[in-house]
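Data first, discussion second: the structure below is written as structure tokens.
2 protein chains.
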Amino acid sequence: MNTVQVETPGGHYPIHIGPGRLDALADSIPEDATAIAVVTNTVVGRLYGERAEGALARSGKRILRIELPDGEAHKDWQTLNLIFDGLLSSRLDRKAVLVALGGGVIGDMCGFAAASYMRGVRFVQVPTTLLAQVDSSVGGKTAINHPLGKNMIGAFYQPIAVEIDTDVLDTLPSREISAGLAEVIKYGLIIDRPFFDWCEDNAAALRALDPDAVSHAVRRSCELKALVVSRDERESGLRAILNLGHTFGHAIESGLGYGTWLHGEAVGCGMIQAALLSALVLGLPDADTARVRALVQAIGCPVQPPDLGLQRWLDLMQVDKKTEGGQLRFVLLPALGEARVQGVPDDALRQVLALAAAAPA
Amino acid sequence: MNTVQVETPGGHYPIHIGPGRLDALADSIPEDATAIAVVTNTVVGRLYGERAEGALARSGKRILRIELPDGEAHKDWQTLNLIFDGLLSSRLDRKAVLVALGGGVIGDMCGFAAASYMRGVRFVQVPTTLLAQVDSSVGGKTAINHPLGKNMIGAFYQPIAVEIDTDVLDTLPSREISAGLAEVIKYGLIIDRPFFDWCEDNAAALRALDPDAVSHAVRRSCELKALVVSRDERESGLRAILNLGHTFGHAIESGLGYGTWLHGEAVGCGMIQAALLSALVLGLPDADTARVRALVQAIGCPVQPPDLGLQRWLDLMQVDKKTEGGQLRFVLLPALGEARVQGVPDDALRQVLALAAAAPA
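Residue numbers (full-length UniProt numbering), protein chains in the order written: chain A, 1 to 361; chain B, 1 to 361.
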């Protein structure tokens with residue numbers, strides 16, 4: 001087992017990474033917890049619910065399961081309210097602990113429920129998708145979607161622990177592995193050039209879930225995310241670089257309807273668009289842009305953005321949280337392994353978006 | 001104008017208290033605000049919306065008004081969502097500032113919206129009821145209700161400023177003045193015996209809105225609340241004493257349906273019940289219990305709790321957030337001006353609740 005420590009003003013907590021962590025969940029339940037609510041979805045609940053609850057039972061606490069419908073389409077208030085209904089009808093108090101057993105949607109919703117239930121109860125992240133293991137379970141961003149934008153309603157709220165069982169990836173569809181790998185290579189692109197190179201060399205091994213490759217990729221991703229988050233919990237500066245490809249990606253997800261593309265797929269494609277924008281604005285060499293595109297393709301993500309129409313692209317990006325006073329800001333790459341956030345000239349952006357329209361969908 | 005400073009880990013901010021503060025709201029808008037959303041209800045909006053917006057216009061910022069239906073019955077997710085709808089459809093970004101113009105319901109909802117919108121934007125409290133001026137606008141508790149309990153979903157989230165215009169109390173119904181005064185005398189009861197004595201001497205002047213008496217009562221209440229909150233922002237200890245009468249009060253509000261009794265009325269009556277419980281458990285002298293009852297009556301609040309039936313009383317109090325591991329805890333008074341939080345014997349509680357059943361409703 002590897003342990004990565006996250007240190008933020010909002011909380012210090014360990015990320016435990018290794019095979020079989022699902023059977024050790026009781027380790028993360030504090031002595032004074034009055035009850036445990038396992039928040040999961042119908043798919044993950046069927047696969048791992050009983051095993052997780054069996055492991056948690058070793059804590060001796062009362063255990064409640066709250067099962068939500070599966071998918072990004074349900075990351076809304078109605079579904080969030082099912083958590084509150086379950087907690088309140090079972091009379092869980094302020095010392096209860098929530099356990100988010102699932103992917104990014106479950107982690108985000110359970111985290112926001114934990115942040116809001118009785119103004120804050122403790123929670124443990126148990127991410128069961130690669131995307132959640134390397135990204136959303138670490139750093140304390142929680143949220144639900146609003147019809148007018150993704151993750152618009154939420155909180156910065158840190159878990160008390162993250163338990164990553166790398167074995168559970170075996171039951172993940174290959175499309176979700178690819179989507180998770182998009183966030184893995186993102187860390188290389190923004191902050192760790194040698195890790196980007198490593199990802200290029202190990203793309204096939206990662207897709208095939210080679211245990212050593214996966215273990216290294218998850219640990220390194222968590223380390224890099226923890227590093228960024230510890231320096232800037234509330235995204236006032238540095239943390240924004242984690243959004244590489246996300247302004248484009250959110251527009252894709254929202255424009256096609258949440259759930260059509262997986263979040264990681266949209267981010268993978270969005271990183272190519274961000275690289276193209278970096279070429280225009282900062283002179284990122286074409287060879288590097290090509291490498292980004294090649295690696296996104298090698299991990300199995302789509303490389304051609306959908307043709308949403310120029311105006312719709314612009315409208316969708318405008319509502320993204322990364323606007324400030326109306327000006328769109330992007331994470332750009334001056335070089336592979338370096339990132340900065342800045343406004344861009346309108347014509348450069350239009351030129352990149354025109355490529356989405358030009359190619360066949 | 002008086003200024004009381006609040007210092008918490010979650011934020012430092014001033015409370016400005018005085019006549020005419022409504023015309024000085026621009027003072028509290030930061031330079032870098034990109035827009036202002038005034039969140040109010042239909043009643044307060046009609047009375048003070050234009051004046052507040054006129055004052056805010058001096059900041060030179062774009063101003064949006066979001067008007068919610070009036071009343072505790074609307075302190076729910078559907079109404080909260082109207083705020084998000086308004087903010088998103090007008091594309092307000094992370095640097096927007098919300099202004100809560102109204103009573104406790106507006107303050108709690110606007111505060112929770114500010115805590116959650118894009119994971120947190122700044123907000124200013126402009127409380128227009130006495131209750132909100134002396135209690136809910138200070139200290140950063142925000143929330144909405146759930147069908148299974150009051151204030152069950154929310155956040156600890158501090159405003160950047162509180163602007164208290166004591167003139168606006170002139171348009172407040174006398175019943176709401178009485179309800180607000182219940183929270184004023186609460187501070188005396190829990191932490192400031194001389195202030196309790198002062199309230200006894202000035203009950204009539206306070207009900208008549210004598211400017212000097214009101215000004216002193218508001219300032220002293222804010223000072224005492226700021227003192228408590230600065231020592232314990234997240235209610236892990238001391239802050240709980242602010243809930244004197246609230247476990248009973250919440251049961252009254254919830255049992256009769258939110259909005260039947262005003263929050264302050266329920267708390268006023270609940271403080272008498274808490275005093276009776278203190279007499280049984282801690283030996284608070286009968287003469288002091290009588291003084292509490294007499295002062296609650298003198299400020300114009302009901303002194304006879306409704307007959308909800310013993311079991312329903314117990315059920316309603318059980319869901320209150322102040323339970324821990326199933327045991328009900330109460331704020332009790334060892335003496336007037338002192339408070340402590342502790343579990344109570346079941347028979348003492350039943351004895352106090354029997355009084356609610358025994359007397360005519």
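Ideal Cβ positions, reconstructed from N, Cα and C, are used throughout, including at glycine. From a predicted model like this one, the values you see are computed outputs, not experimental measurements.
LEU333 (chain B) and ILE185 (chain B) have their alpha carbons spaced roughly 13 Å apart.
Here SER254 (chain B) is buried, its C-beta having at least 16 other C-beta atoms within 10 Å. A direct Cα-to-Cα measurement between GLY11 (chain B) and VAL162 (chain B) gives close to 12 Å.
Note on ALA290 (chain A): under 16 other CB atoms within 10 angstroms of its CB, so exposed under the neighbour-count rule. Closer than 7 Å to the CB of GLY149 (chain B) there is at least one CB belonging to chain A. One alpha carbon belongs to CYS222 (chain B), the other to ILE191 (chain B), and they sit about 13 Å apart. A Cβ-Cβ separation of about 7 Å places SER174 (chain B) in contact with GLY300 (chain B) under the 8 Å criterion.
Residue contact check for ALA155 (chain B) against chain A: a CB pair falls below 7 Å. Residue pairing for GLN342 (chain A): DSSP places it in a beta bridge opposite A:PHE330.
For HIS146 (chain A), the closest Cβ of chain B is nearer than 7 Å. For VAL281 (chain A), the enclosing alpha helix (DSSP H) covers residues 263-282.
Under DSSP, TYR13 (chain B) forms a beta bridge with B:VAL6.
Distance from the Cα of LEU87 (chain A) is smallest, within the candidate group A:GLY103, A:ASP165, A:ASP70 and A:SER116, for A:SER116. Out of A:ALA35, A:GLN318 and A:VAL352, the CA that lies nearest to the CA of SER89 (chain B) is found in A:GLN318.
With the rule of 3 Cβ pairs closer than 8 Å, the segment 262-277 of chain B counts as touching the segment 301-314 of chain B.
Not a single C-beta of chain B is nearer than 7 Å to the C-beta of TRP261 (chain A).
In this chain, the beta strand (DSSP E) harbouring HIS146 (chain B) covers 141-146.
Interface flag for SER59 (chain A) against chain B is unset, since no Cβ pair is found closer than 7 Å. By the neighbour-count criterion, in which 16 or more other beta carbons inside 10 Å mark a residue as buried, SER178 (chain A) falls on the buried side. Taking C-beta atoms under 8 Å as the contact rule, THR79 (chain B) and GLY104 (chain B) fail to qualify, at a distance of about 14 Å. Secondary structure note for GLY54 (chain B): it is in no beta strand (DSSP E), and the uninterrupted alpha helix (DSSP H) holding it is 50-57. Residues of chain A with a Cβ closer than 8 Å to the Cβ of LEU88 (chain B) are, in chain order, HIS146, LEU148, GLY149, MET152 and VAL319.
Beta-bridge pairing by DSSP links ASN41 (chain B) to B:LEU68. Taken atom to atom, the span from the alpha-carbon of SER230 (chain B) to that of VAL6 (chain B) is near 7 Å.
For GLY120 (chain A), the neighbours in chain B by C-beta distance under 8 Å run, in chain order, ALA155, PHE156 and ARG234. LYS75 (chain B) is a Cβ neighbour of ASN145 (chain B), given a cutoff of 7 Å. Taking 9 Å as the Cβ-Cβ cut-off, the segment 295-312 of chain A has no residue approaching chain B. Under the three-state reduction of DSSP output, ALA155 (chain A) falls in the strand class.
Only buried fits PRO159 (chain A), as 16 or more other CB atoms lie within 10 angstroms of its CB.
In this structure, ALA33 (chain A) lies near VAL97 (chain A), with their beta-carbon atoms less than 7 Å apart.
Taken through DSSP and simplified to helix, strand or coil, GLU163 (chain A) comes out as strand. Think of a sphere of 8 Å around the beta carbon of LYS75 (chain B): no beta carbon from chain A falls inside it, the nearest being about 14 Å out. Just measuring C-alpha positions, the residue of A:LEU355, A:ALA113, A:GLY257 and A:VAL168 sitting nearest VAL214 (chain A) is A:VAL168. Nearest neighbour of TYR13 (chain B) by Cα position, chosen from B:GLY245, B:TRP198 and B:PRO30, turns out to be B:PRO30. PHE84 (chain A) belongs to the set of residues whose beta carbon lies under 7 Å from a beta carbon in chain B.
Non-local beta-carbon contacts of THR142 (chain B) in its own chain, meaning distances under 7 Å to residues more than five positions away in sequence, involve ASP108, GLY111, PHE112, ALA115, GLY154, ALA155 and TYR157 in chain order.
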